[in-house]
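Q:
Residue numbers (the numbering used here): 16 to 344.
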């Protein structure tokens, strides 16, 4: 059996958001039902290079299909300036859970962007006001694009406010979407006043103040993925219907990790997990809700679910490059 090599373009072309969003929701359902194997994300810190590696293995059984894989991903903030490389790279090994044959090796960077957007869309679908039509995004990097594409699958987004210190990034984002949306650059406060807000920055000091956030805004806090990162003021989290993806990961490296370690937040401040909401164990948004926050750290099962979608379509369309990795042919 051949292993299919899929580059970033192949991944992107075989992962439509209309299919990725339900696949990621299926992953959250499987997680809540206990139909997954997902060891904790492991870190290899490399302070001498101002970077780290993360290993993310998982297996999930979604009922009609099951899948397994591991993503080897990094964060090296000096890459763009020193080496003209992306800050985040990644490689996904997607395997047949029955035989362990590596079915595909695919670009994990594109996969990460897509599944992160899809996870935000799942949370938005259950936690944002039903008639949400405006989306604010803080951070105009690569993640911002998939946030808009994914969230537009679950809400009729008309107005988009993008905020970033880098004016060139803002201009590029606006130029990409100006024919599809009423999109403009704005301040963090203007973005946070929208019906839905996604924050996708690596900051370690909060940049979204409580007074910035709309009374019924749903916030996708997507940027914090390591201890010390923190985008939202503590008051936002304390006032919000707070939903997490995974208890261990969010308390260690999610948006809540800093106030958690300082004793500002505890178990009583967490409403529940997104898995509890998508399975109906807990309610999503109700009429009485004000602010809601989804603290997303990114789960390995999301990568596996997204890889499943990509591999099935790439095989169907004849995309990628097949090669005899195992030397069995």
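Here a beta-carbon is modelled for each residue, glycine too, at the ideal position from N, C-alpha and C.
By the three-class DSSP mapping on this structure, what secondary structure does residue 238 have?
A: Correct three-state label for residue 238: coil.
Q: Is residue 285 closer than 7 Å to residue 247 when the C-beta atoms are compared?
A: No, these two residues do not count as a Cβ contact at 7 Å.
Q: Label residue 343 either buried or exposed according to how many other C-beta atoms from any shown protein chain fall within 10 Å of its C-beta, with 16 as the threshold for buried.
A: Counting Cβ neighbours within 10 Å, residue 343 comes out exposed, since fewer than 16 surround it.
Q: Would you tell me roughly how many angstroms separate the C-alpha atoms of residue 103 and residue 118, rounded to the nearest one?
A: So the two alpha carbons sit approximately 24 Å from each other.
Q: Given that a residue counts as buried once 16 or more other Cβ atoms are within 10 Å of its Cβ, and exposed if not, what is residue 137?
A: With 16 or more Cβ atoms within 10 Å of its Cβ, residue 137 is classed as buried.
Q: Nearest by alpha-carbon distance to residue 139: which of 202, 84, 170 is it?
A: Looking at the Cα atoms, 170 is the closest of the given residues.
Q: Could you tell me the alpha carbon to alpha carbon distance between residue 371 and residue 306, rounded to whole angstroms?
A: One cannot answer for residue 371 here, as it falls past the ends of the chain, which runs 16 to 344.
Q: Kindly indicate which residue of 254, 242, 309, 217 has the alpha-carbon position closest to the one of residue 224.
A: The option with the nearest alpha carbon to residue 224 is 254.
Q: Cα-Cα, which of 25, 54, 176 is closest to residue 261?
A: Selected option, being the one with the closest Cα: 54.
Q: Within a Cβ cutoff of 6 Å, which residues of the same chain sit near residue 133, ignoring the five residues on either side of it in sequence?
A: Only 35, 36, 39, 165 meet the Cβ criterion.
Q: What is the rounded straight-line gap between the Cα of residue 143 and the Cα of residue 211?
A: When rounded, the distance between both Cα atoms is 7 Å.
Q: Kindly identify the DSSP beta-bridge partner or partners of residue 188.
A: According to DSSP, which records beta bridges pairwise, residue 188 is partnered with nothing at all.
Q: Would you please state the rounded distance, in angstroms, between the beta carbons of residue 128 and residue 161? I believe it to be under 8 Å.
A: Confirmed, Cβ separation roughly 5 Å.
Q: Should residue 244 be labelled buried (16 or more other beta-carbon atoms within 10 Å of its own) or exposed?
A: So residue 244 counts as buried.
Q: Might you give, ordered along the chain, the residues of its own chain that have their beta carbon closer than 6 Å to the beta carbon of residue 141, omitting 5 neighbours on each side?
A: Result list for residue 141: 292, 299, in chain order.
Q: Is the beta carbon of residue 330 less than 7 Å from the beta carbon of residue 240?
A: Not in contact: residue 330 and residue 240 (Cβ atoms no closer than 7 Å).
Q: Since residue 199 contacts residue 215 with CB under 8 Å, what's their CB separation in whole angstroms?
A: Their Cβ separation, rounded to whole angstroms, is 18 Å, which puts residue 199 and residue 215 out of contact at 8 Å.
Q: Counting only runs of 3+ residues fully inside the region 238-311, write out the beta strand (DSSP E) ranges in chain order.
A: Runs of the beta strand (DSSP E) inside the region 238-311: 256-259, 285-288, 307-310.
Q: Using 10 angstroms around the beta-carbon of residue 125, count the other beta-carbons present and answer buried if the total reaches 16, otherwise exposed.
A: Answer is buried; the Cβ neighbour count reaches 16.
Q: Please state whether the Cβ-Cβ distance between residue 113 and residue 339 is less than 7 Å.
A: No, the pair does not count as a contact, with Cβ atoms beyond the cut-off.
Q: At the level of alpha carbons, what is the spacing between residue 178 and residue 194?
A: Whole-angstrom Cα-Cα distance: 19 Å.
Q: Please specify which runs of the alpha helix (DSSP H), each continuous and at least 4 residues long, are wholly inside the region 81-152, giving them in chain order.
A: The qualifying runs are 94-98, 123-142.
Q: Of the residues 95, 66, 314, which one's Cα is nearest the Cα of residue 45?
A: Nearest of 95, 66, 314 to residue 45, Cα basis: 314.
Q: What does a CB cutoff of less than 8 Å around residue 76 pick up in its chain, not counting 5 residues either side in sequence?
A: 45, 50, 51, listed in sequence order.
Q: Report buried or exposed for residue 158, applying the criterion of at least 16 other Cβ atoms within 10 angstroms of its Cβ.
A: Buried, since its Cβ has 16 or more Cβ neighbours within 10 Å.
Q: Could you tell me the alpha carbon to alpha carbon distance between residue 326 and residue 32, rounded to whole angstroms?
A: For residue 326 and residue 32, the distance between alpha carbons rounds to 15 Å.
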